[in-house]
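Protein chains: 2
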Amino acid sequence: MSTIKDVAERAGVALGTASRVLSGSAQTSPESRARVLAAAAELNYVRNGTARALRRSRTDVLGLLVSDIRNPFFSELAHAAEREAMRRGYTVLLANANEDAAQADEYLRIFATQRIDGLLLSPQGPVSPQLESLVASRLPVVLLNRSLDGLDAPLFATDNAQGVALVLDWLQVRGHTEVAFIGGPTAFSTAAERKAAYLAGRESHGISVDDRLIDEGDFLADGAEAAMLRVLDRGKRPTAVFGVNEPTTLGAVRGLRRRLSVVEAARVEVISFDDVDWFEFATPPISAVRIGAAEIGRLGVAGLLDLIEGRPVSSRRVATSLVDRALS
Amino acid sequence: MSTIKDVAERAGVALGTASRVLSGSAQTSPESRARVLAAAAELNYVRNGTARALRRSRTDVLGLLVSDIRNPFFSELAHAAEREAMRRGYTVLLANANEDAAQADEYLRIFATQRIDGLLLSPQGPVSPQLESLVASRLPVVLLNRSLDGLDAPLFATDNAQGVALVLDWLQVRGHTEVAFIGGPTAFSTAAERKAAYLAGRESHGISVDDRLIDEGDFLADGAEAAMLRVLDRGKRPTAVFGVNEPTTLGAVRGLRRRLSVVEAARVEVISFDDVDWFEFATPPISAVRIGAAEIGRLGVAGLLDLIEGRPVSSRRVATSLVDRALS
DNA sequence: GACGCTCATGGAATCGTTTCCATGGAAACG
DNA sequence: CGTTTCCATGGAAACGATTCCATGAGCGTC
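First to last, the sequence lines map onto chains R and E. When the letters of the first sequence are read in order and numbered with the working numbering, they come out as residues 0 to 327. When the letters of the second sequence are read in order and numbered with the working numbering, they come out as residues 0 to 327.
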């Protein structure tokens, strides 16, 4: 593989000149410019990113650590973040914590040795020592989706209160009073915020305040199914169910089907925080709050670049919209 | 941020010795070993990966280029590949072509400057110049899922013929003779193989050979919906539909619902190549061939590392299994 | 007791860039 | 015409690791 030295020799200029042409870092005469570019093309020159990063002590790489890449919310977010970063000349190193704090730490270590220029973090749990040392080394960090106690970084997240308000309005319009709420682990700020907003608003929307209708799982299908079963086993027969993210909704529907007859289950309306394609095929179709995962990804990258380049950054909440699939 | 030189000074040894301890590349005395490790811990030393990569001219990074990270098949594959790579001491740089050849090329360029040690490729289209130059530079490459004319690289893919055989058997057992086949672009080897296997086997499985039942889309929901509508508009009333990947199946179901009454549509059985969770909630539930996306990812990484380390590698097909959700 | 061998270590070269500094020539200005 | 200014360029240092080479200590053997 040819180096910049080869290019310079072939072009008949000094090595420094070739570098200046190829990186565009300083003015060069049209003459040497042309010769260097020609030589580079002939030799099929590809810049060595590792050498460049070493010398400049920056890599133009951003680290993105997500909870679970197989969750559509995160894969869409990652996709959007990647595109935005690329548009701005950065590469994204994507890491998948798989909802596991130990694995998250492992990736943070890799990020550190790879010398990323900034970190987009969707946290798994509390601040780890590994994360602390990254922050201590003055690495720019932004948080996605979930906030994190003890870490003062800009947050780009869903407007949970606004989204829950949409759900409450929908429930009220459709005349539901017996509504089951299947939440997530309140250790996560997302779950906590959604639950708080729901509890605060239910009474004013004519919804029963019976807490036997409230339960929570683990943000995954199995835990949510168990929670749904607990609600039903308390003798409650809700006319609607609110699932607090997509896997939770999936689990809740499984729970309904398991305890109730097909006819009974088909009479329960379901609404979800976080929308996916297949909701239209459920019986009855499931309505949902659509989260702007892509926009969170884009805003996160933009915010991180601002941080890197020393501009002021403030947290942003992204508004949601309602996808109403109710039949009548 | 501290360097290996700082560590060496603090430990009172030469820079070379510190390197030998920290990289474990040569024997060192227990004494200096202990002192270096202690110094490294005290200084919070993190190896500079860019310097290391420059000197060793290898990065321990693998490039993974997928068609669409939002497709569950690829996100599961990517996840598994990443885990396997990490287990073997490599990092994965994930790139998302977004079903776009130009973007794929852009990422191949980035891979080249980042000096990846090997490439896992799920191709978008024909061999591009960019890809050609990577191959010419002797970069180890393995193909995932789709083969590629003109590129001689090991392929790790689904056993399409075996999967289609499962579908044919299922259709026969359930007594279907009028079966609509919604395929994909035959420029992709996956689509071509599945179609060929279906056409070859249908007659012996008692399925009508009327080609008005056959159509194809673009592997995405919208194209498949259009294809489904064309079949119906030719006056065919299939009792079963075979969708050749997940988005295709989704589109086909949409097509059915659009042309037929709810009752009629609910009478059509659907079977899909590639399984996802929500199929259990469709009416009637959708059966599917389950592809071992995770295994393809793992095998791909293992094969690529074999290639990198000079061991012989041969292509592998991964067997599928049937998830039968038929009600009766 | 001399010789040879092993083995840990110090010191220096090296990887491929970017960037600093000095230089020389051309242009600009009085 | 002489002096200053500007600008493109050549050459070399620097980034932070790995690795080669030479050296010297320690040890076993004849």
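Glycine included, each C-beta is placed from N, C-alpha and C at the ideal position.
Item	Value
Suppose only complete runs of 3+ residues qualify. What are the beta strand (DSSP E) ranges in the segment 193-274 of chain E, listed by chain order?	213-215, 239-242 and 268-272
Give, in chain order, every unbroken run of the alpha helix (DSSP H) that is at least 4 residues long and sits entirely within the segment 125-194 of chain E.	128-135 and 159-172
Could you tell me if M0 of chain R is buried or exposed, where buried requires 16 or more neighbouring beta carbons within 10 angstroms of its beta carbon?	exposed
Any chance the segment 206-222 of chain R sits against the segment 249-261 of chain R, with 3 or more Cβ pairs inside 8 angstroms?	yes
Am I right that E177 of chain R and L212 of chain R are in contact with their C-beta atoms under 8 angstroms? What's the rounded C-beta distance?	7 angstroms
Could you spell out the range, first to last residue, of the beta strand (DSSP E) harbouring R315 of chain R?	R315 to V317
Less than 7 angstroms between the beta carbons of I285 of chain E and D273 of chain E, yes or no?	no
Name, please, each residue of chain E whose Cβ falls closer than 7 angstroms to the Cβ of I109 of chain R.	T90
Under 8 angstroms by Cβ, that's how I've got L249 of chain R and D276 of chain E pegged, so tell me the actual separation to the nearest angstrom.	6 angstroms
Quick one, which of E:V140, E:L130, E:G200 and E:P128 has its alpha-carbon nearest G162 of chain E's?	E:G200
Taking only three categories from DSSP, how would you classify A94 of chain E?	strand
Measure from the alpha carbon of L119 of chain E to the alpha carbon of each residue in E:I270, E:F110 and E:A7, then state which is nearest.	E:F110
Keeping to the same chain, check which residues put their C-beta closer than 7 angstroms to that of Q129 of chain R; ignore five residues upstream and five downstream.	D104, L107 and R108
Measuring CA to CA, which of R:R69, R:A293 and R:D232 is closest to P246 of chain R?	R:R69
For R114 of chain E, count the other beta carbons within 10 Å of its own beta carbon; 16 or more makes it buried, fewer makes it exposed. Which is it?	buried
Quick one: is Q26 of chain R buried, meaning 16 or more other Cβ sit within 10 Å of its Cβ, or exposed?	exposed
Going by DSSP in three states, A77 of chain E sits in which element: helix, strand or coil?	helix
Looking at the C-beta of Q26 of chain E, does it have a partner C-beta in chain R at a distance below 7 angstroms?	no
For D401 of chain E, count neighbouring Cβ atoms within 10 angstroms of its own Cβ and tell me buried if that reaches 16, exposed if not.	An answer regarding residue 401 of chain E cannot be provided, because it is not within the stretch 0 to 327 covered by chain E.
If you draw a straight line from the C-alpha of L93 of chain E to the C-alpha of A164 of chain R, how long is it?	37 angstroms
Strictly under 7 angstroms for the Cβ-Cβ distance: is N95 of chain R near chain E by that measure?	yes
For P237 of chain E, count the other beta carbons within 10 Å of its own beta carbon; 16 or more makes it buried, fewer makes it exposed. Which is it?	buried
Would you identify the three-state DSSP class for R324 of chain E, choosing helix, strand or coil?	coil
Am I right that V12 of chain E and S31 of chain E are in contact with their C-beta atoms under 8 angstroms? What's the rounded C-beta distance?	5 angstroms
With a cut-off of 8 angstroms, do at least 3 Cβ pairs link the segment 68-83 of chain E to the segment 33-42 of chain E?	no
Which parts of the segment 32-67 of chain E are runs of the beta strand (DSSP E), unbroken and 3 residues or longer, counting only runs that do not cross its ends?	60-65
For E308 of chain E, does the count of other Cβ atoms within 10 angstroms reach 16, so buried, or fall short, so exposed?	exposed
I need the DSSP call for V312 of chain E, collapsed to helix, strand or coil.	coil
Which residues, taken in chain order from the segment 36-66 of chain E, show a beta carbon closer than 7 angstroms to some beta carbon of chain R?	N43, V45, R46, N47, G48, T49, A50, A52, L53 and T58
If you draw a straight line from the C-alpha of E263 of chain R to the C-alpha of R257 of chain R, how long is it?	11 angstroms
When you compare the CB of R87 of chain R with every CB in chain E, is at least one pair closer than 7 angstroms?	no
Rounded to whole angstroms, what's the CA-CA distance from L132 of chain R to T112 of chain R? Just pull it up for me.	Note on identity: in this sequence residue 132 of chain R is Ser, with Leu being the wrong assignment. Using only the alpha carbons, I get a separation of about 12 angstroms.
I'd like the list of long-range same chain contacts for A292 of chain E, defined as Cβ closer than 6 angstroms, with 5 residues on each side in sequence excluded.	F72, E75 and L76
Could you tell me the distance, in whole angstroms, from the CA atom of A239 of chain E to the CA atom of A318 of chain E?	24 angstroms
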